[in-house]
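See below for the structure under consideration.
Number of protein chains: 2
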Amino acid sequence: MSDIPPDSIPPDFTPPSSRPLDSAPTAAEAPPLFEGRWCSLPECVTELEAGTLPTGFKAGGVAAGIKPSGKLDFGAIVSTGAETTSAARFTVSSAPAAPVQVCRTRVDLSAIRAVIANSGNANAATGPVGRDNAFYMQGAGAMVAGVAEKNVAVASTGVIGVQLDTRALSKGASTLARELRAEGGMDFAAAIMTTDLWPKTASLRVVLPSGAVTLSAQAKGAGMIAPLHAPAAPHATLLCFIETDAKLSAATAADLLGAAVAQSFDRVTVDGQLSTNDSVFLIAGGESGVEVESGSPDAEIFQKALDALLLGLAIAIVRDGEGAGRIGRVTVTGGDTQLCEKTARAIADSPLVKTALNGGDPNWGRIMQAAGMAMATAQPEPIDITIEGVSVAGGGIQNRFDQDALNQAVSGPEVEYEVKIPGQGASATVYFSDLGHDYVTLNAEYTT
Amino acid sequence: MSDIPPDSIPPDFTPPSSRPLDSAPTAAEAPPLFEGRWCSLPECVTELEAGTLPTGFKAGGVAAGIKPSGKLDFGAIVSTGAETTSAARFTVSSAPAAPVQVCRTRVDLSAIRAVIANSGNANAATGPVGRDNAFYMQGAGAMVAGVAEKNVAVASTGVIGVQLDTRALSKGASTLARELRAEGGMDFAAAIMTTDLWPKTASLRVVLPSGAVTLSAQAKGAGMIAPLHAPAAPHATLLCFIETDAKLSAATAADLLGAAVAQSFDRVTVDGQLSTNDSVFLIAGGESGVEVESGSPDAEIFQKALDALLLGLAIAIVRDGEGAGRIGRVTVTGGDTQLCEKTARAIADSPLVKTALNGGDPNWGRIMQAAGMAMATAQPEPIDITIEGVSVAGGGIQNRFDQDALNQAVSGPEVEYEVKIPGQGASATVYFSDLGHDYVTLNAEYTT
Chain V
0 MSDIPPDSIP
10 PDFTPPSSRP
20 LDSAPTAAEA
30 PPLFEGRWCS
40 LPECVTELEA
50 GTLPTGFKAG
60 GVAAGIKPSG
70 KLDFGAIVST
80 GAETTSAARF
90 TVSSAPAAPV
100 QVCRTRVDLS
110 AIRAVIANSG
120 NANAATGPVG
130 RDNAFYMQGA
140 GAMVAGVAEK
150 NVAVASTGVI
160 GVQLDTRALS
170 KGASTLAREL
180 RAEGGMDFAA
190 AIMTTDLWPK
200 TASLRVVLPS
210 GAVTLSAQAK
220 GAGMIAPLHA
230 PAAPHATLLC
240 FIETDAKLSA
250 ATAADLLGAA
260 VAQSFDRVTV
270 DGQLSTNDSV
280 FLIAGGESGV
290 EVESGSPDAE
300 IFQKALDALL
310 LGLAIAIVRD
320 GEGAGRIGRV
330 TVTGGDTQLC
340 EKTARAIADS
350 PLVKTALNGG
360 DPNWGRIMQA
370 AGMAMATAQP
380 EPIDITIEGV
390 SVAGGGIQNR
400 FDQDALNQAV
410 SGPEVEYEVK
420 IPGQGASATV
430 YFSDLGHDYV
440 TLNAEYTT
Chain L
0 MSDIPPDSIP
10 PDFTPPSSRP
20 LDSAPTAAEA
30 PPLFEGRWCS
40 LPECVTELEA
50 GTLPTGFKAG
60 GVAAGIKPSG
70 KLDFGAIVST
80 GAETTSAARF
90 TVSSAPAAPV
100 QVCRTRVDLS
110 AIRAVIANSG
120 NANAATGPVG
130 RDNAFYMQGA
140 GAMVAGVAEK
150 NVAVASTGVI
160 GVQLDTRALS
170 KGASTLAREL
180 RAEGGMDFAA
190 AIMTTDLWPK
200 TASLRVVLPS
210 GAVTLSAQAK
220 GAGMIAPLHA
230 PAAPHATLLC
240 FIETDAKLSA
250 ATAADLLGAA
260 VAQSFDRVTV
270 DGQLSTNDSV
280 FLIAGGESGV
290 EVESGSPDAE
300 IFQKALDALL
310 LGLAIAIVRD
320 GEGAGRIGRV
330 TVTGGDTQLC
340 EKTARAIADS
350 PLVKTALNGG
360 DPNWGRIMQA
370 AGMAMATAQP
380 EPIDITIEGV
390 SVAGGGIQNR
400 FDQDALNQAV
410 SGPEVEYEVK
420 IPGQGASATV
430 YFSDLGHDYV
440 TLNAEYTT
């Protein structure tokens, strides 16, 4: 989970894959984000070394003692650009964590100059004391970054229902102030990890018609992952921090971020669970001097780069979903966008489909059942199902196909499902992880 | 699952509990239905020996060769009462199985005299051939029961997407015709089992003001369990066959059944998955001569008995959910019935809550998160959580409580959750099973 309940991960916990949690991350350990079949970089975009920050940004991560393991758990990112703008999106949960409440009420979300974040404690379900602690953390961020408090966003992830240790924050902030540097991107990425097995971060060089800019992001995921998908709602998922040295108006930043989130973080599910702490921030420092105006050819290419960056990270979060083995992508096409969406999510969140994916079983009956549940018309509907390009069912009935070839096709790390429901013109895609023993082990056995 | 995809359970499959599937059921193996904390028999009602049928009913079960294991897989129940009436409810799935389609279009649902049912094959996603086979099965039922086809209901459960072997049905029907007897209730209960570890059946003697009647039922469940709960929709869940020798008008039968289903089968979830085959039938043969009129004191007591019968069976189905260890009951109270319902289901279907239940972890943070997701107001809401009578959170914040005592309290076989959301006057209760390794083993590992 992104937000681990009290004491659920003991200090000596080793995840099922036998890779220790909180082990020092290296870029080499993270699977490539843009080499999979579902996400590639657009033209004019090249990947930079992981951790690279755009000009005008500093970052860092320290061990403040919030995680019992003593690993990195407290970090900040600061933009030094004079004309920094920003955009942000948050969970729609009715149990929003204190940092989310503070961001909504005490931060100028169009002018975030710094974000301060911790892992190991979600500061959720902590009431007024929790809000005070989030203010305190915001103050520490203002001190670390040297900017006004209203320009400092706050984010937390970890245990729910336990108060933050503000002394640890104070002490950590002093160290953090000294640690901030242009090369601190990987430290920050490590400082926001919880049950993640590897850091999620990428940096891109984007050649726009008006000039080259840099775009970077650090994210964390692993569990309690299923963003709400009402397109107009001010929401987001997981923790993700995005930096660029492009010059954006706050309105353009909001538009670009909204569009990119809608086709990335809003399209993934690990366990169907909306977190209390989901937050996404985009900070544009402007230090490249390259202005990206809304509706311009620059904006079009920038959007494509941002889309690829967030989709790559979103898929990485699914791939690193708690206990995940295989991952799947389901696309439902039909005549009604809402019904396509509902059907795709019903399939992606079905424990029967997810266990079949885990078992390498091309089980189309469970997909038919989930689609039938989502549509709920009480009448037989013509549903077509294709798995890895093999048409397994048409009009609600099994087709003839080569079972051995299909079994082989679904034994790889990624499985593609296409479902056709009545009508045309609409579609919805969801990326999802499987459900296997490791998920149960992580969430049932390693708890107090 | 109630409806097992092709070849998913190999003939030599042994479930994790090391009790063989399809083993000959005995009443002694089934946990008591009415001795738990959540379901007891009302006054004037006593339990009869399992398998007892009301006067005027015959039942039977045979091995027709549909299940590879050679166990009982084909059965029928017949009412010989001249004035037999009935009521029925079916899944709202858009992929309804052929028998459900045949029941809806070719059966006089207010005058069902016989039901014929098989396990081992759901006859779902089988198209026109499947419908023909369901007609064929209906015809076999008419022959077995000696009544007109339109008075014969059909039900199937098992593999999805495989055509029924009609020769096996023919051969089975001949045997079945000879096997029908007043003592055949347990054989029928066995013939409808799939991944059930024990048969679900009960018989009650109900002393009404106008005289004593008998009420009996046979059900099956185990997986793919989550009825849709639109109160007015003609739907139901799982397979359940209910018989009585009370004299009911068809309208009264429908009212009694609708009310009882709404507070039993509509209130349980194993894996949140609506089946393609869910069907519930109530057949009233009238042979006791005791007439139960709508709105009468007789009807009131009869309703209570029927409610207890179906709730007992519904809880038994959750208890025998695929791989289930512990079971939970969550009651959400607040001001809005729909929101209470949505919140209760979000908690009951959350894999995080279900794994915590499995692990014996009183993890209130996951309950808070699920409630926050269901409400999705993007604002903090005052949510109170009580687990096993211990108030663990109030107004969205953790309370002080004795953690050791609570840990002990949730280590039993049943865990009670109470959640208070804003407002009052409305409530919703859902019974649910946990999520453990056995669910994954059954659904991921034992598949082709």
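Chains V and L, in that order, give the protein sequences.
Each residue of the first sequence is one higher than the one before, starting from 0 at the first, in numbering that gives the first Met the number 0.
Each residue of the second sequence is one higher than the one before, starting from 0 at the first, in numbering that gives the first Met the number 0.
By construction, the Cβ of each residue, glycine as well, lies at the ideal position given by its N, Cα and C atoms.
Since this is a predicted model, take the numbers as computed values, not measurements.
Which value, in whole angstroms, describes the spacing of the CA atoms of L247(L) and A49(L)? 23 Å
Beta carbons nearer than 8 Å to chain L: which residues of the segment 259-292 of chain V have them? D270, G271, Q272, L273, S274 and T275
Among V391(L), G395(L), C239(L) and A176(L), which residue has its Cα nearest to the Cα of A201(L)? C239(L)
Please check the pair A116(V) and S155(V), which I expect to be a contact at CB under 8 Å, by giving their CB distance rounded to whole angstroms. 7 Å
Alpha carbons only, please: which of V317(V), S295(V), I282(V) and G294(V) is nearest the one belonging to F264(V)? V317(V)
Taking a Cβ distance cut-off of 7 Å, strictly less, list which residues of the segment 128-162 of chain V are near chain L, in chain order. I159 and G160
Assign D451(L) to buried or exposed, taking buried as 16 or more other Cβ atoms, counted over all protein chains shown, within 10 Å of its Cβ. Coverage of chain L is limited to positions 0 through 447, which leaves residue 451(L) absent and any answer about it impossible.
Near A123(L), what residues of its chain come up, given a Cβ to Cβ distance below 8 Å and the 5 sequence neighbours on each side ignored? D2, A94, P95, A96, A97, G129, S155, I159, G160, T275 and N276
Take V91(L) as the anchor and find which of L237(L), E34(L), I420(L) and A141(L) has the nearest alpha-carbon. L237(L)
Comparing the CB of K149(V) with every heavy atom of the ligand FAD, is any distance shorter than 6 Å? For the structure depicted, the ligand FAD is absent and the ligand set is empty, with no information on it obtainable.
Within a Cβ cutoff of 6 Å, which residues of the same chain sit near K219(L), ignoring the five residues on either side of it in sequence? I191, M192, D195 and L238
DSSP state of L281(L) mapped onto helix, strand, coil: strand
In three-state DSSP terms, what is S295(V)? coil
Rounded to a whole number of angstroms, what is the C-alpha to C-alpha distance between V44(V) and G311(V)? About 14 Å.
Under the three-state DSSP convention, the category T174(V) falls into: helix
E242(V) burial status per 10 Å Cβ neighbour count (16 or more: buried): E242(V) is buried by the Cβ-count criterion.
With a threshold of 16 other CB atoms inside 10 Å of the CB of E148(L), please say whether the residue is buried or exposed. buried
Within-7 Å CB hit, S92(L) to chain B: Absent from the structure: chain B. Protein chains present are V and L.
Across which residues does DSSP place L207(L) in a beta bridge pair? G210(L)
If V429(V) sits next to A304(V), beta carbons under 8 Å apart, how far is it from one beta carbon to the other, in whole angstroms? Not a contact, Cβ separation roughly 23 Å.
Distance, V329(L) Cα to T125(V) Cα: 23 Å
Go through its chain and collect everything with a Cβ distance to F301(L)'s Cβ below 7 Å, but skip five positions before and after it. Answer for F301(L): V205, L207, A245, L255 and V291, listed in chain order.
What residues of chain L sit near Q397(V), judged by a beta carbon separation below 7 Å? A124 and G160
Is the CB-CB distance between A189(L) and G59(L) below 7 Å? no
Run through the segment 85-173 of chain V for me and flag every whole beta strand (DSSP E) of 3 or more residues, listed as ranges in chain order. Fully enclosed beta strand (DSSP E) runs of 3 or longer: 113-120 and 151-158.
Per DSSP, which one or two residues make a beta bridge with S426(L)? T332(L)
Cα-Cα separation, Q272(L) to A307(L): Straight-line Cα distance between these residues: approximately 24 Å.
CA-to-CA distance, N132(V) to T165(V), given in whole angstroms: 7 Å
What's the gap between the Cα of D437(V) and the Cα of N357(V)? A direct Cα-to-Cα measurement between D437(V) and N357(V) gives close to 10 Å.
Comparing the C-beta of L351(L) with each C-beta of chain V, is any distance below 7 Å? yes
Chain V within 7 Å of V439(L), Cβ atoms only: yes
Given a cut-off of 7 Å, decide if S432(V) and I366(V) are closer than it, judged by their beta-carbon atoms. no
Alpha carbon to alpha carbon, how far is V418(L) from S78(L)? 45 Å
Could you tell me whether the Cβ of E380(L) comes closer than 7 Å to any Cβ of chain V? yes
Would you kindly work out how many angstroms separate the C-alpha atoms of M185(L) and D383(L), rounded to a whole number? 45 Å
Is there at least one Cβ from chain V nearer than 7 Å to Y430(L)'s Cβ? no
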